[in-house]
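Chemist: In order, the protein sequence lines correspond to chains H, S, F, R, B and G. Start counting the first sequence at 295; every next residue gets the next number (my numbering). Start counting the second sequence at 295; every next residue gets the next number (my numbering). Start counting the third sequence at 295; every next residue gets the next number (my numbering). Start counting the fourth sequence at 295; every next residue gets the next number (my numbering). Start counting the fifth sequence at 295; every next residue gets the next number (my numbering). Start counting the sixth sequence at 295; every next residue gets the next number (my numbering). What follows is a single structure, and I will ask about it in a moment.
Number of protein chains: 6
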Amino acid sequence: MNFEIFDTDYITIIFVKDKLNYTGREIEPLWAFKVFNVQKDNIVVFRGKMEVPIDNMKDLKDIKREKDIDIPIKSDDAINFVIEHFDNIDLKTIYLRQRLLVCITKEIIEDNCNLKLRRDGDDLYYNNKKLSVCIACKGIVSSKIHLGINVKSKGAKHIEIIGLEYLGIKDIDKIMKDIAIKYAEEINKIEKDIRKTLPLY
Amino acid sequence: MNFEIFDTDYITIIFVKDKLNYTGREIEPLWAFKVFNVQKDNIVVFRGKMEVPIDNMKDLKDIKREKDIDIPIKSDDAINFVIEHFDNIDLKTIYLRQRLLVCITKEIIEDNCNLKLRRDGDDLYYNNKKLSVCIACKGIVSSKIHLGINVKSKGAKHIEIIGLEYLGIKDIDKIMKDIAIKYAEEINKIEKDIRKTLPLY
Amino acid sequence: MNFEIFDTDYITIIFVKDKLNYTGREIEPLWAFKVFNVQKDNIVVFRGKMEVPIDNMKDLKDIKREKDIDIPIKSDDAINFVIEHFDNIDLKTIYLRQRLLVCITKEIIEDNCNLKLRRDGDDLYYNNKKLSVCIACKGIVSSKIHLGINVKSKGAKHIEIIGLEYLGIKDIDKIMKDIAIKYAEEINKIEKDIRKTLPLY
Amino acid sequence: MNFEIFDTDYITIIFVKDKLNYTGREIEPLWAFKVFNVQKDNIVVFRGKMEVPIDNMKDLKDIKREKDIDIPIKSDDAINFVIEHFDNIDLKTIYLRQRLLVCITKEIIEDNCNLKLRRDGDDLYYNNKKLSVCIACKGIVSSKIHLGINVKSKGAKHIEIIGLEYLGIKDIDKIMKDIAIKYAEEINKIEKDIRKTLPLY
Amino acid sequence: MNFEIFDTDYITIIFVKDKLNYTGREIEPLWAFKVFNVQKDNIVVFRGKMEVPIDNMKDLKDIKREKDIDIPIKSDDAINFVIEHFDNIDLKTIYLRQRLLVCITKEIIEDNCNLKLRRDGDDLYYNNKKLSVCIACKGIVSSKIHLGINVKSKGAKHIEIIGLEYLGIKDIDKIMKDIAIKYAEEINKIEKDIRKTLPLY
Amino acid sequence: MNFEIFDTDYITIIFVKDKLNYTGREIEPLWAFKVFNVQKDNIVVFRGKMEVPIDNMKDLKDIKREKDIDIPIKSDDAINFVIEHFDNIDLKTIYLRQRLLVCITKEIIEDNCNLKLRRDGDDLYYNNKKLSVCIACKGIVSSKIHLGINVKSKGAKHIEIIGLEYLGIKDIDKIMKDIAIKYAEEINKIEKDIRKTLPLY
């Protein structure tokens with residue numbers, strides 16, 4: 295596989311240049327080490343189809359609702375962010391990082407298309423059409439986040455989706471890099487912030 | 295003091311109706327219990343002067359930089375959010391909540407004035423003028439966040455600030471409530487999210 | 295299934311009205327969300343047979359001792375309490391909650407029958423006959439407790455058991471509700487207590 | 295000072311034979327190491343006056359309510375249990391241990407006087423008269439519990455109290471030892487329980 | 295199986311007298327409780343072949359590198375230390391304990407043979423030949439360490455190994471006991487150290 | 295002050311070139327940020343007198359034993375290592391890091407002088423004379439370690455000490471750098487190790 299690695303203070307960014315589909319198995323612990331040999335907190339960014347069969351899903355609410363659909367999460371063309379942190383955090387904290395990732399994504403997309411998105415928790419919408427899917431979860435040794443953003447508006451069957459192309463965004467590569475870099479910057483800045491703050495008495 | 299209490303699932307919102315200045319002492323553990331008798335995670339919202347003497351500051355970077363200024367944080371009129379969580383989280387997690395609060399604040403202000411703000415970590419800017427101050431910190435029994443947003447563009451001496459009024463926002467009360475309610479909604483939603491997510495194997 | 299839901303501050307109580315057997319699979323993470331759709335810490339109360347095959351047992355001491363018995367935990371008629379907490383606690387803490395549950399149960403049964411029970415760790419006895427079984431355990435996203443109390447004195451084969459009916463308790467429904475409500479009250483009160491306590495210096 | 299030390303698996307019991315008053319300073323971290331030279335989790339048991347001035351109190355609810363009383367916690371003769379754990383637990387867990395201590399205390403007193411007490415959270419009552427005071431709190435390196443039980447029914451001014459003597463208990467030394475030993479047994483048994491329990495998947 | 299048990303303050307030592315091979319399954323949670331019935335943190339010491347098939351390995355780096363070898367970890371005769379701690383520590387902490395174990399091992403071997411070893415992280419070498427293998431890992435209820443030290447210099451195929459006999463060490467039993475006892479002493483001393491240390495303000 | 299900064303993956307090394315005395319105040323949280331402006335986990339290495347008055351000591355055992363001595367820790371010339379970690383670890387973990395630091399120090403000194411030292415917990419001896427002092431402690435936002443190693447054999451009054459010069463070590467600067475760099479390497483390697491290790495099931 296073709297990929298580039300950018301190392302930052304506390305997290306490594308891996309940009310995959312080849313097409314790579316998201317199947318839900320990429321959420322497994324140590325996937326990035328297996329595939330890209332990275333031994334650091336990491337964010338892997340790639341573009342391809344998104345097809346998550348129900349057995350690979352982690353959101354039990356979705357699983358219950360969509361239990362009669364074989365592949366509930368589907369998109370013909372999407373950009374994907376798979377993040378792994380090893381700093382012993384709990385599920386609540388990884389969900390906070392997930393929200394921060396979604397806020398960053400909203401900021402960057404809006405800056406690139408001059409349209410206003412709506413964020414509802416970890417979901418992004420334009421005109422009530424769904425632009426993204428997102429999950430956070432926790433294993434024994436690490437916590438992971440997946441964010442998928444549709445590029446084209448096609449793929450999903452039981453829900454109306456919209457893609458970045460519809461929003462007028464042409465340079466998909468740039469969006470991918472901007473989001474990953476901005477997330478890395480935020481993580482690094484928080485690490486610096488906790489090293490300048492006096493305790494409360 | 296005149297105040298209203300709104301209870302939500304995991305966090306109580308206290309809107310203070312009287313003027314109340316922010317002096318930095320409100321960041322102390324259990325301040326909300328002492329003053330408002332609330333025994334729950336909480337967000338206290340109030341409006342007044344912001345005058346934090348250097349001894350009450352928690353950001354050691356600012357303290358070092360502004361060590362010759364008596365009252366480095368100053369604003370003639372500001373809205374203040376003082377948040378306290380008791381769920382045994384570490385400083386990193388409370389900083390993530392702080393970032394989420396700042397992202398929410400940006401979303402709500404932009405929705406109310408049709409201007410674009412710039413967020414840099416926990417700071418908000420309009421035209422490179424500083425709209426807000428923010429800190430997160432941790433004690434033995436709880437973690438706290440303070441966010442102050444200028445209403446008027448006056449007060450600070452060594453930095454150029456800007457206020458909500460300059461951005462064309464008239465209903466300050468509404469902004470105060472919107473931010474507090476949205477933060478409570480996010481916190482409650484994350485609590486629900488961690489109760490629907492399958493573990494990683 | 296017929297059930298009633300009572301929401302309290304930090305924990306939801308689900309009273310199941312239909313008969314429901316305890317098989318050991320109810321201890322799995324997110325069982326209450328799957329069956330009752332509850333996205334909060336919860337206590338599910340139900341009545342039915344208790345039949346836990348050795349493969350579903352979590353107490354390795356019992357598993358070793360009773361490895362030649364197919365269904366070591368057996369009761370013809372029992373009331374069951376299945377509790378799930380998501381607050382990132384460790385196994386030691388969930389065992390403390392288990393002990394508190396057993397203490398509460400002892401208090402309530404004694405108040406309803408004017409007899410004295412004996413508690414030995416997480417076991418309740420009357421006249422050296424076993425009234426209850428109990429386990430606490432921990433997964434990746436939540437911790438769980440199961441407490442089963444015999445209603446009839448029959449079912450178990452390799453141990454002498456006793457049931458609530460023998461103790462003269464007639465209103466089994468009331469006991470079920472009393473224990474669940476009291477547990478919820480204790481949990482809620484502890485949450486309030488940690489929000490009124492000054493730190494140690 | 296005259297005292298006896300009994301070492302158990304995970305906690306050391308120190309029975310003080312001389313009179314020793316409880317002033318609230320005994321709740322400070324490492325007090326037992328300073329006075330009794332014990333370098334283990336510990337429970338110190340002693341008898342004497344209880345006089346806690348408002349500055350030594352940790353319950354901010356009581357402090358607010360009794361702010362005009364110099365010495366709100368007062369008893370002419372009381373038995374005191376001061377417990378310290380170093381196992382990095384949070385305030386919630388130490389409150390659970392506190393509840394367990396109070397449940398044990400209730401069981402032992404009832405067994406010794408054939409009367410029924412009422413427990414309300416961490417308070418014990420007989421005929422609506424207060425038998426005990428209790429607090430749990432947390433520092434940076436350890437967590438502590440104090441439980442004081444009146445022996446005589448005198449001392450407190452703004453609340454009606456009752457003592458063990460009124461309940462007909464004569465052997466105060468035995469009660470002191472029984473409670474401390476039983477607490478140690480529970481702590482040790484929980485440590486064993488967490489080492490026999492299979493994880494949840 | 296023939297074995298001796300030595301109980302120390304916080305950890306039990308089990309010396310297995312019979313030959314016992316290390317296959318990688320001994321790293322599973324609660325193995326020592328299953329086989330030796332010990333309900334305490336523990337260190338099991340035994341001697342035998344070491345043959346770990348790739349499916350039982352936990353070091354994903356080794357697994358990737360040696361994926362074409364059936365049994366990558368192999369030694370004809372080795373002494374093995376399998377340690378289990380239940381004190382809710384994270385993977386980082388168990389790796390620190392692993393390093394401490396390896397440092398102790400180096401000290402003891404050097405004291406017994408008057409040669410200098412080289413330590414590289416968790417590996418010991420003599421003249422660039424590998425003397426040991428080591429891993430630390432974490433489950434839901436406990437953390438575990440395995441350290442294997444070659445007695446003979448034979449067994450491994452794709453790497454040059456060296457054994458204690460080559461270093462001139464004759465009393466293998468003594469080395470086994472010395473290492474286990476020293477590790478137990480260190481663990482116990484650290485437990486004492488955390489109970490004598492004032493907090494930082 | 296003259297100093298050099300070497301940045302490594304997870305920890306920054308600060309070599310102070312000027313003389314700097316160790317007084318015990320350097321153990322305070324955020325000292326390295328205040329003096330050297332470093333916002334990362336760090337190890338500060340410096341040489342000077344060591345004079346710790348009893349009020350700055352953290353080891354309560356030493357404080358009790360040496361309560362009549364004004365300045366119990368004294369050395370005319372010593373090299374000092376002050377380490378700060380912010381990764382939310384508990385006191386037990388920082389003590390494990392302390393032990394690792396002392397093991398590394400022993401390895402490096404032995405390699406440089408061809409003599410054998412004796413390590414007893416966190417103390418180093420040569421011929422029963424004390425070469426070093428060491429403490430680990432924990433605050434609200436960070437954990438810290440101090441290790442002081444005598445260069446000359448003079449200074450302490452109530453204990454016989456020995457210095458590196460007596461051991462024949464001439465290049466003190468090299469020893470300082472070697473120890474700091476080796477500690478940083480170990481910390482970085484452990485961070486890598488936790489990112490290659492499969493979880494236990």
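We treat Cβ as the ideally placed atom computed from N, Cα and C, and that holds for glycine.
Just how far apart, CA to CA, sit G:Ile344 and G:Gly442?
Modeler: The count along the sixth sequence starts at 1 and reaches residue 344 of chain G at position 50. The count along the sixth sequence starts at 1 and reaches residue 442 of chain G at position 148. According to the sequence shown, residue 344 of chain G is Met rather than Ile. If you take the alpha carbons of G:Met344 and G:Gly442, they lie about 8 Å apart.
Chemist: Taking the CB atoms as reference points, tell me whether G:Val376 and G:Val338 lie closer together than 8 Å.
Modeler: Looking up residue 376 of chain G in the sixth sequence gives position 82. Looking up residue 338 of chain G in the sixth sequence gives position 44. Cβ atoms of G:Val376 and G:Val338: closer than 8 Å.
Chemist: Counting Cβ pairs, one atom from each stretch, are 3 or more of them under 8 Å apart for the stretch 312 to 326 of chain G and the stretch 364 to 382 of chain G?
Modeler: yes
Chemist: Counting beta carbon pairs with one atom in the stretch 350 to 357 of chain F and one in the stretch 353 to 367 of chain R, are three or more of them shorter than 8 Å?
Modeler: no
Chemist: When you compare the CB of B:Val346 with every CB in chain F, is at least one pair closer than 8 Å?
Modeler: Residue mapping note: residue 346 of chain B aligns to position 52 of the fifth sequence, counting from 1. No, B:Val346 does not count as interfacial toward chain F.
Chemist: Could you name the residues that DSSP lists as bridge partners for G:Ala430?
Modeler: Along the sixth sequence, read from residue 1 onward, the residue named residue 430 of chain G stands at position 136. DSSP output for G:Ala430 lists G:Ile439 as bridge partner(s).
Chemist: Measuring only the C-alpha atoms, how far is B:Trp325 from B:Val310?
Modeler: Here residue 325 of chain B is taken as the residue at index 31 of the fifth sequence, counted from 1. Here residue 310 of chain B is taken as the residue at index 16 of the fifth sequence, counted from 1. Between B:Trp325 and B:Val310, the alpha-carbon positions lie close to 14 Å from each other.
Chemist: Hey, H:Ile308 and H:Phe327 are a contact pair by Cβ (cut 8 Å); roughly how many whole angstroms apart?
Modeler: Taking the first sequence and counting its residues from 1, one reaches residue 308 of chain H at position 14. Taking the first sequence and counting its residues from 1, one reaches residue 327 of chain H at position 33. So it is not a contact: roughly 11 Å between Cβ atoms.
Chemist: In this structure, does DSSP put G:Val332 in helix, strand or coil?
Modeler: In the sixth sequence, the residue the question calls residue 332 of chain G occupies position 38. G:Val332: coil per DSSP, three-state reduction.
Chemist: With DSSP collapsed to three states, give me the class of F:Lys486.
Modeler: Within the third sequence, numbered from 1, the residue matching residue 486 of chain F stands at position 192. Of the three classes helix, strand and coil, the one that applies to F:Lys486 here is helix, per DSSP.
Chemist: Below 9 Å on C-beta distance, what does F:Lys490 contact in chain S?
Modeler: In the third sequence, counting from the first residue as 1, residue 490 of chain F sits at position 196. Here the neighbours are Leu324, Phe327 and Gln333.
Chemist: With distance defined between alpha-carbon atoms, name the residue in F:Tyr477, F:Pro493, F:Leu494 and F:Leu411 nearest to F:Asp301.
Modeler: Here the question's residue 301 of chain F lines up with position 7 in the third sequence. Here the closest residue by C-alpha is F:Tyr477.
Chemist: For G:Gly318, decide whether its Cβ has a neighbour in chain R, counting only Cβ atoms nearer than 8 Å.
Modeler: The residue given as residue 318 of chain G occupies position 24 in the sixth sequence. Judged by the 8 Å Cβ criterion, G:Gly318 is not in contact with chain R.
Chemist: Count the other CB atoms within 10 Å of the CB of H:Met295; is the residue buried (16 or more) or exposed (fewer)?
Modeler: Position 1 of the first sequence, counting from 1, holds the residue named residue 295 of chain H. H:Met295 should be labelled exposed.
Chemist: Measuring straight from C-alpha to C-alpha, what distance separates R:Leu267 and R:Lys400?
Modeler: There is no way to answer for residue 267 of chain R, as the model of chain R reaches only from 295 to 495.
Chemist: Which residues, taken in chain order from the stretch 429 to 445 of chain R, show a beta carbon closer than 9 Å to some beta carbon of chain S?
Modeler: Cys431, Lys432, Gly433 and Ile434
Chemist: Return helix, strand or coil for B:Met470, following the three-state DSSP convention.
Modeler: Walking along the fifth sequence from the start, residue 470 of chain B turns up at place 176. The answer is helix: DSSP assigns B:Met470 an H, G or I state.
Chemist: With C-beta atoms as the reference, is R:Asn444 less than 8 Å away from R:Gly457?
Modeler: Position 150 of the fourth sequence, counting from 1, holds the residue named residue 444 of chain R. Position 163 of the fourth sequence, counting from 1, holds the residue named residue 457 of chain R. Going by C-beta atoms, R:Asn444 is nearer than 8 Å to R:Gly457.
Chemist: Applying a beta-carbon distance threshold of less than 7 Å, which residues of chain R neighbour B:Lys486?
Modeler: As a first step, residue 486 of chain B must be located in the fifth sequence, where it is residue number 192. What B:Lys486 touches in chain R: Gln333.
Chemist: Please report the straight-line C-alpha distance between R:Asn350 and F:Ala474, rounded to a whole angstrom.
Modeler: Taking the fourth sequence and counting its residues from 1, one reaches residue 350 of chain R at position 56. Taking the third sequence and counting its residues from 1, one reaches residue 474 of chain F at position 180. Taking the straight line joining both Cα atoms gives about 36 Å.
Chemist: Listed in chain order, which residues of the stretch 372 to 395 of chain S have Cβ atoms closer than 7 Å to some Cβ of chain R?
Modeler: Asn382
Chemist: Alpha carbon to alpha carbon, how far is G:Asp364 from B:Gly342? Give it in angstroms, no decimals.
Modeler: Taking the fifth sequence and counting its residues from 1, the one referred to as residue 342 of chain B is at position 48. Taking the sixth sequence and counting its residues from 1, the one referred to as residue 364 of chain G is at position 70. Taking the straight line joining both Cα atoms gives about 56 Å.
Chemist: Quick check for students: name the residue ranges of the beta strand (DSSP E) that lie wholly in the stretch 352 to 400 of chain S, counting only runs of 3 or more.
Modeler: 367 to 379
Chemist: Note the first and the last residue of the continuous beta strand (DSSP E) segment covering H:Lys311.
Modeler: In the first sequence, the residue the question calls residue 311 of chain H occupies position 17. Unbroken beta strand (DSSP E) run through H:Lys311: Thr306 to Lys313.
Chemist: What would DSSP say about R:Ile403, mapped onto helix, strand or coil?
Modeler: Here the question's residue 403 of chain R lines up with position 109 in the fourth sequence. The answer is helix: DSSP assigns R:Ile403 an H, G or I state.
Chemist: Within the 8 Å Cβ cut-off, does S:Ile321 reach chain H?
Modeler: Within the second sequence, numbered from 1, the residue matching residue 321 of chain S stands at position 27. Yes, S:Ile321 lies at the interface with chain H (some Cβ there is under 8 Å from its Cβ).
Chemist: CA-CA distance, B:Ser369 and B:Glu459?
Modeler: For the purposes of this step, residue 369 of chain B is taken as the residue at position 75 of the fifth sequence. For the purposes of this step, residue 459 of chain B is taken as the residue at position 165 of the fifth sequence. If you take the alpha carbons of B:Ser369 and B:Glu459, they lie about 13 Å apart.
Chemist: Taking only beta carbons into account, state which residues of the stretch 406 to 426 of chain S come closer than 8 Å to chain G, listed in chain order.
Modeler: Of all residues in the stretch 406 to 426 of chain S, none comes within less than 8 Å of chain G when Cβ atoms are compared.
Chemist: In the stretch 302 to 317 of chain F, which residues sit with their C-beta less than 9 Å from some C-beta in chain B, listed in chain order?
Modeler: none
Chemist: Give a yes or no on whether 8 Å exceeds the smallest Cβ distance from F:Asp467 to chain R.
Modeler: Reading the third sequence from its first residue, position 173 is the one you call residue 467 of chain F. It does not; no Cβ of chain R falls within 8 Å.
Chemist: Give me the chain B residues within the contact set of R:Pro366, using Cβ-Cβ distance strictly less than 8 Å, ordered along the chain.
Modeler: Numbered from 1 along the fourth sequence, position 72 holds the residue referred to as residue 366 of chain R. Result: empty, since nearest Cβ-Cβ is about 27 Å, beyond 8 Å.
Chemist: For R:Leu354, go through chain S and note every residue whose CB falls closer than 8 Å to its CB, in chain order.
Modeler: The residue labelled residue 354 of chain R in the question sits at position 60 within the fourth sequence. Leu324, Phe327 and Lys328, listed in chain order.
Chemist: DSSP three-state label for S:Asn408, please.
Modeler: Against the second sequence, residue 408 of chain S aligns to sequence position 114. In the structure shown, S:Asn408 sits in coil (DSSP, three-state: anything other than H, G, I, E or B).
Chemist: Cα separation between B:Lys448 and H:Asn336?
Modeler: Position 154 of the fifth sequence, counting from 1, holds the residue named residue 448 of chain B. Position 42 of the first sequence, counting from 1, holds the residue named residue 336 of chain H. Computed Cα separation, rounded: 40 Å.
Chemist: Taking only three categories from DSSP, how would you classify B:Asp417?
Modeler: As a first step, residue 417 of chain B is located in the fifth sequence; it is residue number 123 there, counting from the start. Reduced to three states, the DSSP call for B:Asp417 is strand.
Chemist: Quick check on G:Asp301: does DSSP put it in helix, strand or coil?
Modeler: The count along the sixth sequence starts at 1 and reaches residue 301 of chain G at position 7. Strand.
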